[in-house]
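Q: So for the sequence shown, the numbering used here puts the first residue at 18; every next one is plus one.
Sharing a structure with you now.
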Amino acid sequence: MSLLSSRALTSQLSRPLALLTRSLATTTQQRPVPAPQAGQGSIKTAEDFLKSIGRESESKVSPNSWTEFWGYDGQALRKAGLAVRDRRYILWCMEKYRQGLAPQEFAHQPQTKKTVRGWGPKVQDGKRIRSKRIKDKTKKFKQVS
């Protein structure tokens, strides 16, 4: 009997501990706010940073201060109405800047959209090719009585 009661007590004690462990594993650390860079291509405000990374980011986000901008996360940018691709790019650039890289080193233009994907030989030079074989399968044959 004492063995069963000790197992029950152990499971009751481990349940809150498991919840605490999960919350410690999933919470993010407070990331440091980087200092504005001086010198060539100096970045003093959040708008300067957004202009330097390109993609018209300065028109999509309008932070009030430097520290407020560096406190943004994905949810805050989502509430601001940014598309997923823009959010990911801005957050990626913010992390690169935190690591000490200059925006001229990591900022780039978006990839161009592919014109033809996944059609194989059906599409050549952007035009869909229809063969006689495909047309024959779509025709309905009349039954001869």
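Heads up, the beta-carbon is just placed ideally off N, CA and C, and yes, glycines get one too.
Since this is a predicted model, take the numbers as computed values, not measurements.
On a CA-only basis, which of S74, R48, P80 and V50 is nearest Q126? Give me that one, please.
A: Stepping through the sequence shown from its first residue, residue 126 is reached at position 109. It is S74 whose Cα lies nearest to the Cα of Q126.
Q: Buried or exposed: S76, going by 16 or more other Cβ atoms within 10 Å of its Cβ?
A: Position 59 of the sequence shown, counted from the first residue, corresponds to residue 76. The residue is exposed, with fewer than 16 neighbouring Cβ atoms inside 10 Å.
Q: So, at 8 Å on beta carbons, what are the nonlocal neighbours of A119 in its own chain, with the 5 sequence-adjacent residues on each side left out?
A: The residue labelled residue 119 in the question sits at position 102 within the sequence shown. Q54 and G58.
Q: Considering only C-alpha positions, which residue in the set V50, E64, Y106 and K96 is nearest to T84?
A: If you number the sequence shown from 1, residue 84 lands on position 67. Residue V50 is the option with its Cα nearest to T84.
Q: Run the CB neighbour count on R115, radius 10 Å, all protein chains shown included, and call it buried at 16 or more, exposed below.
A: Residue numbering aside, residue 115 sits at position 98 when the sequence shown is read from its first letter. It counts as exposed.
Q: Compute the Euclidean distance between the alpha carbons of T192 and S82, then round it to the nearest angstrom.
A: The requested residue 192 is not part of the displayed model; the chain covers only 18 to 162.
Q: Am I right that A124 and S69 are in contact with their C-beta atoms under 8 Å? What's the rounded C-beta distance?
A: Reading the sequence shown from its first residue, position 107 is the one you call residue 124. Reading the sequence shown from its first residue, position 52 is the one you call residue 69. Confirmed, Cβ separation roughly 7 Å.
Q: The alpha helix (DSSP H) with R95 in it runs from where to where?
A: Counting from one through the sequence shown, the residue named residue 95 turns up at place 78. That run of the alpha helix (DSSP H) goes G91 to K96.
Q: How many angstroms separate the CA atom of Q128 from the CA atom of R102?
A: On the sequence shown, residue 128 is found 111 positions in, with the first residue counted as 1. On the sequence shown, residue 102 is found 85 positions in, with the first residue counted as 1. Their Cα atoms are separated by approximately 11 Å.
Q: Quick one: what's got a C-beta closer than 6 Å to G71's C-beta in the same chain, skipping five residues either side?
A: Counting from one through the sequence shown, the residue named residue 71 turns up at place 54. Within the same chain, G71 has close Cβ partners A124.
Q: Which residues mark the beginning and the end of the alpha helix (DSSP H) in which K77 is found?
A: Taking the first residue of the sequence shown as position 1, residue 77 is located at position 60. Here the alpha helix (DSSP H) through K77 covers S74 to K77.
Q: For Q121, name the three-state secondary structure that DSSP assigns.
A: Taking the first residue of the sequence shown as position 1, residue 121 is located at position 104. In the structure shown, Q121 sits in a helix (DSSP, three-state: H, G or I).
Q: Taking only the alpha-carbon atoms, compute the straight-line gap between R48 and G91 and give it to the nearest angstrom.
A: For the purposes of this step, residue 48 is taken as residue 31 along the sequence shown, with counting starting at 1. For the purposes of this step, residue 91 is taken as residue 74 along the sequence shown, with counting starting at 1. Distance between the alpha carbons of R48 and G91 is about 14 Å.
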